[in-house]
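*Asks:*
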């Protein structure tokens with residue numbers, strides 16, 4: 205805690221120095237050179253993340269089991285494919301707004317830590333209490349809970365690809381546990397190889413979704429023989445009027461979009477954050493939103509609503 209407080213005080217000293225420089229520049233007399241702030245800490249992480257890896261980090265952490273496991277639930281709660289697409293688009297717009305908020309905060313405090321650091325600066329009293337509580341909940345509850353929710357889904361789809369159908373039991377959990385352990389070990393052992401793994405998985409995920417999208421377009425054009433459905437001809441007929449259902453559907457949509465904030469936790473390692481941060485976070489949300497909507501269009505073209 206003491207070392208964390210020293211880092212935050214170091215950031216505050218930088219902010220005060222910059223504010224003094226701006227104040228003197230706005231006044232009449234020519235500004236005097238502002239005193240240099242404290243030197244960067246000797247243990248600062250090297251800046252190894254470029255714009256491609258930063259964008260890949262956002263895309264890879266957003267595209268997960270959500271886009272494959274939640275569209276049916278969102279459709280069931282919305283009632284019609286047209287309304288389900290509106291919800292996916294609305295989720296993308298709101299997520300983009302949240303991404304811009306994190307860009308603003310990230311450019312104010314260009315250090316590792318993300319939300320923990322933002323809370324420490326916004327609520328300095330009691331000393332680091334909110335930042336500590338957030339970090340504790342994130343490490344103990346939020347991240348492990350999200351990983352635990354994704355694990356069985358990963359295992360189920362791996363088993364399905366291997367020819368084992370409808371197995372969501374202990375075998376799926378075991379496969380998911382193995383995948384999570386492997387990825388965790390790579391991240392622990394090497395930051396460089398973890399970035400390479402993220403870049404690789406990003407390419408694979410985008411290719412998989414594009415294959416689904418292209419297959420749906422080809423099926424709609426008659427290139428693939430499928431049973432026709434009335435998903436599009438029904439329009440908004442049968443759309444749900446249950447507000448609680450829409451709230452639940454948007455929760456599932458937001459879960460699928462979750463992940464665009466992760467870059468700010470490694471902001472101290474990002475090269476040229478004033479340029480790369482807006483492009484990487486904004487670009488990743490835009491790309492993922494487009495892929496999600498097109499993937500849902502492909503699903504509705506091929507799969508009947510029932």
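Residue numbers (my numbering): 205 to 510.
In this text, a Cβ means the ideal position worked out from N, Cα and C, and glycines have one as well.
(1) Leaving out the 5 sequence neighbours to the left and right, which residues in its chain are closer than 8 Å to residue 323 when beta-carbon positions are compared?
(2) Roughly how many angstroms lie between the CA atoms of residue 381 and residue 438, to the nearest whole one?
(3) Quick one: Cα of residue 230 to Cα of residue 271, how far?
(4) May I ask you to check if the CB of residue 281 is nearer than 8 Å to at least one heavy atom of the ligand PLP?
(5) Leaving out the 5 sequence neighbours to the left and right, which residues in its chain are closer than 7 Å to residue 384 when beta-carbon positions are compared?
(6) Any idea which residues DSSP pairs residue 253 with across the strands?
(7) Return the residue from the list 255, 500, 325 that minimises the CA-CA distance to residue 418.
(8) Shortest alpha-carbon distance to residue 358 belongs to which of 377, 303, 420?
(9) Taking buried to mean at least 16 other C-beta atoms within 10 Å of its own C-beta, is residue 504 buried or exposed?
(10) Nearest to residue 365 by alpha carbon, out of 379, 353, 374?
(11) With 16 as the cutoff for other CB atoms within 10 Å, does residue 307 come out buried or exposed?
(12) Near residue 487, what residues of its chain come up, given a Cβ to Cβ distance below 6 Å and the 5 sequence neighbours on each side ignored?
(13) Tell me whether the segment 250-268 and the segment 419-437 touch, counting them as touching only if at least three CB pairs, one residue from each stretch, are closer than 8 Å.
*Replies:* Let's see:
(1) Hits under 8 Å: 334, 335, 338.
(2) Cα to Cα, residue 381 sits roughly 42 Å from residue 438.
(3) Annotation note: pLDDT 36 at residue 230 (below 50); position unreliable, no value reported.
(4) The ligand content of the structure shown is nil, which means the ligand PLP is not present either.
(5) The residues 351, 355, in chain order, have a CB closer than 7 Å to that of residue 384 in the same chain once the five nearest residues on each side in sequence are set aside.
(6) Answer is 474.
(7) Comparing Cα positions, the closest option is 500.
(8) Among 377, 303, 420, the Cα nearest to that of residue 358 belongs to 377.
(9) With 16 or more neighbouring CB atoms inside 10 Å of its own CB, residue 504 falls in the buried class.
(10) In terms of Cα proximity to residue 365, the closest of 379, 353, 374 is 379.
(11) By the neighbour-count criterion, in which 16 or more other beta carbons inside 10 Å mark a residue as buried, residue 307 falls on the buried side.
(12) When the five nearest sequence neighbours on each side are left out, the beta carbons in the same chain lying within less than 6 Å of the beta carbon of residue 487 are those of 259, in order along the chain.
(13) Here the segment 250-268 makes no contact with the segment 419-437; the two share fewer than three CB pairs at distances below 8 Å.
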